[in-house]
Structure formats: structure tokens, C-alpha cells
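A short write-up of the structure that comes next.
Residue numbers (the UniProt record's numbering): 1 to 649.
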């Protein structure tokens, strides 16, 4: 009990010192000269020596007190923007008190785990913050010479971000969302909440305790213009998942004064600067929705009767947004960092709208949320092609993530882009006109969106797990097609396949066909590559190696009406090569049925005779499971079927 009393007294002493630190007593002058009210603005006349950004206390006739800030000074006239709104202000009976001070906010490490409104006042029924310092919400200008280039990575747990658009500590990268998406599992708020739950530092062996300890990471979340349901969702989600203790939450509701949204992001960034540069934490600041902030800025500009710019937004919006975004970064001599992820919605999905357009000029990349992916029930609906992280190269690599990170990302980008082009071409010419390579890219496209981009709302993947998933997808292609990955990296990572580590290894073997051709079949960690000899190449016009994309895929088109089918059952491997006379996709269904039947019989000769007689075999004749002890290669066409053995090399 004595220790708690001492701690409280120490905190109180620090609070008093913070209040009086750098405090210069200013005479407080009161005026009763309100000449008009225009939207969120109050105009005062006959004001002596008003100061820009000076705080004004407005005492209403009913005894309530509201705060405002001098926005414009012209001679003896002052324009004050009222944070709590101007509803109920009487021009005759309102007394305005000029404090002579600027807007400051109390900051403390105890702000973590607390919830504040858009003006910085606690709304979680907790006690007021015992301030360790009072800081100007506009922040202190950072000398460009003292800035440190952003390095190392912040892990979000989302594969599409961590692997394809890695975020460096100290980076500012926005999320461009499509306006009007419903607020369910696939909404932008769910993505923001998931990032808050899962974000952290990448833990590597050999790192210092300071970098690995979870207390070294904090999140400041500011929501502007959200409804009550969304605010309740964020608060409840953080509390239920145990992440609230590392989150400082600022909530500006839709029914709060619009002008309050002007200061909400600045309050959040002031708290982040204290946590980063005084407490030496790596802070992630998430601001949503910056479109609401820009609209509030437009409302103030219209009330001041300023000349509008594009879409009615003020001409200085670029500068105003820069005062927010440029507060991210790292400072020399401090171990902490501030990373910003502002979230904004694009009206009419227009990326050229002034808000995303100017944001893209200031920030270092973007993460694009696609409506089409959302309509296909893909969560998170992150389209990696228009997304970009300009500082990714400094956040990944050996000793930060993994040395193959950059190569895997580049190859995934290339394959996904080609797959999109093939998908568009397929809609025009049809699947029959596609080449075997095109079919590989189509398969990669489907699996990339299903297995890599898609993940659960509460699924937290480490960057290493995401990279392994990327390698599993790249194994669809033969090594020769992975041209963006160096040979040394391919030799180290390509053979890995965790799904088949416990399976019996397949020996390299030479396949002798009934027609006299031969094919050497080496095993690559469960993946088969057929390298046909000259005679087989001449017969079927094969000009390259054929990669078996997946052990459990039934078929793949190889070259000009040649079907090569690969099937795996336990440790048994069978290859079925069909003659070029089988043409058209109509034969694929029959081929699959035949392979299914082959899994259930052991007598090949009986099976072939049944097929030749064109009689439907009874189920009793197919009760036995597995193949005969001799593995066989079957070379067949529509009319005749022949069997041949292969021998191990």
C-alpha cells in the first residue's frame, strides 16, 4: 500500500511539473464582441493583438464552456474555429476569453489502454491522464538532417502486405479503400482492426531483447467520422483479443462536431511522438478515415469563403495533409519510430480524386483494396498489382526477414500479372487455344488468390509462413520458368515441400515406353520433371521439360493435344501418357474416370479387356485397392491400350 501511495505521489509530482514546465504567464483578456457565427466559425471584432493558433475559451449563457482556436487574424478581427461546434452560441451573451497559449495535450505512457474522444478527453470512465508532459499538437519540426532512413519491417500478419508490400519502420503508406463496402468481415474496418491485433516486430534469432520484447511496440488508432457501431466494434475487438493494453484509441464519432476531426489526427500523432521519442517504442499509427478529415477541411474552407480548388477542396490541402503524414519517421539518437498507415476511401473508386491523389504524392506507396475481390468473397481484398511499398527494399532481406524475400516477391508479382493477362485472353479465345504455359499461369492465378491472398479474419501469419506459402505456389512452375529468382536461391528453397517430407522418396527412374521411347524421370522433393529423349521429342514435338505442378493434380496439358497425367497414391507413382490422336477437351472427363478406376483395381489386363469390350464393369470386380507390385507406364490411345514396365536406374 505504501508503494502505491509513493507511486501516486510521484505521478502527481510529474503532472504538476508538466503543467508548469515552459509555462509563461499570459494575461487573459475577455471579449464580448462576437459579431457573427458562420458554420463552425465564430467571428470577433475589436480584438487587441490576437495570435494565430491561440486558444480561446467561449463561455456560453447557460454556463457551458467550449474551446476554440484562432484560425485567421486580420487587423482587430479574429476568426475562431470552435472544436465542440457552434450550436447554441448566442452572439450577444457569449464571452470569449483569449488564453494567450496554443493548443497542448497531456501525454503519458499511461495513455496505452485508454479510449479518448476526438478532443483528447477520456471516454472510458477512467481517471484523467496524469501528464508527464504537455505537448503542442502541431508537433515539433524535425530537422531533415536528423532523420534516419526507414529500415527493418513491421509485421501485420497479412500475407499480401508482409510479402508483397512490406512496411518499414518509419514509413508512411496509405490504404486506398473502395467507398461503400459493407461493414462485415470484408470491410476496411475489419482490415484495420486485424492489423491492430496482429501488428508487431519481426522476431529473428539473435535479435536484442529490446527489439524482440512486445512491450517495445505500441499502436495509436484514430477513427474520424465513424458511427457508434463501428466505434463499439473497434473497442470491443481490441478488448476481447487482449490487444487493448498496447493500443491508444481516439474516436471521433459521426455525430461529433465536424471541426473536431481537424485536431483528432494531430492529437493521435502527438501521443505517438511521445511514445516513440520519449518512451522509445516502435509506434504504428492508423488513421481512418482520412476522407472524413479532408471533408472537414473543405467545410472549414467553405465557411471562410476561400477560393475552392479541385472538387471544392481548399488549395492548401496538399500542405495540410503533409503536416500530418510527414510526422512519421525515425530520428537520430532515438530508438523509437513512427509508422503511419492512413486509411481513406476513394469516392466512386476514383484513384485520381484529390484525396488519394495528393496522399499518393506525399506518402511512400499505397495498399489498394479492390471491390472486385470483395465481390468474389476474398478477404482481405488487397489487389497487389496496383499496390506498392517504395521502402520495401530497406525492410526485407537477410537479418531482417529472409534472404529470399525480395526474389519471391518479384516472382509472385510477375506470375500474377501474367496470370491476369492470360485470364483476359482466355475470355476472348477460349481455354482450348491456350498454351501449356498459359494453363500453368491460370492455375497459379487461382491458387494465389485462394491460398495466398485469402486468409481468415483472425489468422495471423508470420512473414516466414507467408514466404513458405509463396514457394508452394511457385513450385507449380518448373525452375526454368522462374526467371526472376537466382539459381542459388532456387537450389536452396525450390526443392522444399513440407507436405511430402514424410512420404517415401521416389527414386530417379528411366521410363521405357511401349513405342520404344524413353524418358528420364528425376525426383525433386516430391515433384517430378519429365525430360524426354530425342525419339520421344521427335514423336510428340516436345521442346521443353514438363513440370508436374502438384502431386495430387489429375492432369495437365503438355503440348499440342498431348495429355500427361500424374497421379499419386501413398508412395506409388504412376504416369499416363496419351497419344496425340486424342484431341479436344471432351476426352478429359473420360481420362479422369479411368484413372479413378485404376486406383481400385490391380489386374491391368482385366481392366483393358473391360474397356475394349465397351461393357460397364460391375462394382464387384473393382473391390481391390492399389496397383500391382510392378509399377507400370501406360501408353494408350482411343482404340488400343498397351502396358509397359519401367526399371529403376
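Note that beta-carbon positions come from the ideal geometry of N, C-alpha and C, so glycine has one too. Bear in mind the structure is a predicted one, so any value in this text is a computation, not a measurement.
Around the beta-carbon of residue 429, fewer than 16 other beta-carbon atoms lie within 10 Å, marking it exposed.
Secondary structure of residue 449 (DSSP, three-state): helix. Taking C-beta separations shorter than 8 Å and ignoring five residues to either side along the sequence, the partners of residue 198 in its chain run 155, 156, 157, 158 and 460, following chain order. For residue 389 and residue 161, the gap between their C-alpha atoms comes out near 9 Å.
Between the stretch 35-53 and the stretch 218-226 there are fewer than three inter-stretch CB-CB distances shorter than 8 Å, so the stretches are not counted as touching. Boundaries of the beta strand (DSSP E) around residue 96: 95-102. Closest by C-alpha distance to residue 340, out of 405, 83, 357 and 272, is 272. Here DSSP, grouped into helix, strand and coil, assigns residue 190 to helix. Distance check between residue 284 and each of 275, 101 and 290 places 275 closest, using alpha-carbon atoms only.
Our two residues, residue 139 and residue 289, have alpha carbons roughly 21 Å apart in a direct line.
In terms of Cα proximity to residue 444, the closest of 476, 177 and 40 is 476. The stretch 51-58 makes contact with the stretch 67-76; the number of CB pairs closer than 8 Å reaches 3 or more.
Residue 442 is positioned such that its CB atom lies no closer than 9 Å to that of residue 470. With respect to the C-alpha of residue 382, the residue from 357, 450, 293 and 244 having the closest C-alpha is 450. Between residue 60 and residue 93, the CB-CB gap stays under 9 Å. According to the DSSP assignment, residue 36 belongs to the beta strand (DSSP E) that extends over 34-38.
Cβ atoms of residue 193 and residue 234 come within 8 Å of each other, at about 6 Å. Within 10 angstroms of the beta-carbon of residue 385 lie fewer than 16 other beta-carbons, which makes it exposed. Bounds of the alpha helix (DSSP H) holding residue 354 are 354-362. Nearest Cα to residue 106 within the set 86, 136 and 40: 136. Counting the other CB atoms within 10 Å of its CB gives residue 361 a total below 16, which places it among the exposed residues. Relative to the Cα of residue 262, the nearest Cα in the group 237, 248, 293 and 255 belongs to 293. Residue 414 is not a Cβ neighbour of residue 334, given a cutoff of 9 Å. Bridge pairing for residue 136: 104 [DSSP]. Here residue 349 has 178, 179 and 371 as same chain residues with Cβ atoms under 8 Å from its own Cβ, once five neighbours each way along the sequence are excluded.
Per DSSP, residue 221 lies in no alpha helix (DSSP H); the unbroken beta strand (DSSP E) holding it starts and ends at 217-226.
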